[in-house]
C-alpha cells in the first residue's frame, strides 16, 4: 500500500489545482462505468449553490463536492474583482487532465435569492459588483468583511518572493499532465549518503527536465524537474528495451504532474541502459513496499 502523503501546497494556484483534481476524482467515482466524458458544473452565489454532473449528455445532481468548490472560490478571490460564480470542468477517461472555464460576471441562476446576494457581497466584496447581483440584494450593498482566504500564501509571498497568480475567475482552464520524456543523460550517485538515480533530457543543464529516484532507509522517492515529487506511490517500474515505464497511483501522478503511466524514452547507449538495469533494483532492494520491477 502506498504511503499517505500530507499535502503542503506552495501557492493558491497549487491548492486550487488540487481542489479541481479532487472534484474530478469524486465525479469519476460516482459515474457508472463506460462513460466517455464527464462535465461538472458549479453555480454559486453566497451559500446558494447547485452542482450538476453531465455524463455523456445526461445530467444529474451531484453531492459531496461542496467543500472543494467552496475552497476553490476562496482561493480564487481577488479584492478588486471578487471570485467566480460558475465553474465548469470536463474530464475524459484514462487521463488525469481536465479542461473547463470559469466566469465571474454572468448570472449563474435565473433568480438569485436576496439572502444569497447579501452573503456574496459580504463574503466576497469587489469594487464593481455586477448589476444583477446588486439588483438581487434586498438592501444596499453591505460593507464587505476583510477577506483572508489566501492569507497564508500572501505571507509566504512576502518572504519568498513572487508566486504564481491565484486561480483564475474568468476564462479557460486547462491541465495536461506529462506522459513522456526523453533521457539523454544518466547518472548514479550518492547524495548525502542516499543512493540516487538521475535521468535528464540534457547533461550539464540544471534547467533541463529530469526524473530521479532516490532511497533513504526504508523509503524511496521519485522527483521531476522543479519541486515536483512523491514519496512512494509507484506501483510498477518496467524496463522495456529503451523505455522505462512507471505505473503510478493517482495521488503520486498528481504530485509529479503526470498521467498514471509515465514513460522515459532512453536515448542512451546500450551499456548505459545496462547500468540502469543493475542500479535500480539494487537501490530498491532495501525499501519497504517497493514497486514491482518488470524486465530487470
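Numbering (my numbering), first residue to last: 584 to 879.
Beta carbons: idealized from backbone N, C-alpha and C, even for Gly.
Every value quoted in this text rests on a predicted model; they were computed, and no experiment measured them.
- Around residue 666, the same chain offers 656, 657, 659, 660, 687, 707 and 752 as residues with beta carbons nearer than 8 Å, after the five sequence neighbours per side are excluded.
- The beta-carbon separation of residue 822 and residue 845, rounded to 14 Å, does not stay under the 8 Å limit for a contact.
- Residues 771 and 780 of the same chain have their beta carbon placed closer than 7 Å to that of residue 862, with the five preceding and five following residues left out of the count.
- Between the alpha carbons of residue 840 and residue 632 lies a gap of roughly 30 Å.
- Proximity of the segment 592-610 to the segment 639-651 meets the contact definition, three or more beta-carbon pairs being nearer than 8 Å.
- Taking a C-beta distance under 8 Å as the contact criterion, residue 849 and residue 817 do not qualify as a contact pair.
- At a Cβ-Cβ threshold of 8 Å, residue 805 and residue 796 count as neighbours.
- Around residue 604, the same chain offers 837 as residues with beta carbons nearer than 6 Å, after the five sequence neighbours per side are excluded.
- Around the beta carbon of residue 652, 16 or more other beta carbons sit within 10 angstroms, so the residue counts as buried.
- Considering only 673, 820, 773 and 767, the residue with the shortest C-alpha distance to residue 787 is 767.
- Rounded to the nearest angstrom, the gap between the Cα atoms of residue 704 and residue 712 is 8 Å.
- Note on geometry: alpha-carbon atoms of residue 814 and residue 615 lie some 31 Å from one another.
- In this structure, the beta-carbon distance from residue 760 to residue 842 falls below 8 Å.
- DSSP places residue 600 in the helix class (H, G or I) of the three-state scheme.
- Between the alpha carbons of residue 868 and residue 828 lies a distance of about 19 Å.
- At least 8 Å separates the beta-carbon of residue 691 from that of residue 619.
- Check the Cα spacing between residue 699 and each of 684, 715 and 685: the tightest is with 715.
- By the neighbour-count criterion, in which 16 or more other beta carbons inside 10 Å mark a residue as buried, residue 669 falls on the buried side.
- From the listed residues 747, 606, 754 and 641, the smallest Cα separation to residue 679 is found for 606.
- Ranked by Cα distance from residue 871, the options 674, 798 and 709 are led by 798.
- Cα atoms of residue 682 and residue 756: separation of roughly 5 Å, rounded to the nearest angstrom.
- Considering only 764, 855, 662 and 591, the residue with the shortest C-alpha distance to residue 710 is 662.
- Counted as a single uninterrupted DSSP element, the alpha helix (DSSP H) harbouring residue 652 occupies residues 649-659.
- In the three-state reduction of the DSSP assignment, residue 784 falls in the coil class.
- Residue state for residue 864 is assigned as helix, using DSSP reduced to three classes.
- In the structure shown, residue 710 falls within a coil segment according to DSSP collapsed to helix, strand and coil.
- One alpha carbon belongs to residue 644, the other to residue 597, and they sit about 28 Å apart.
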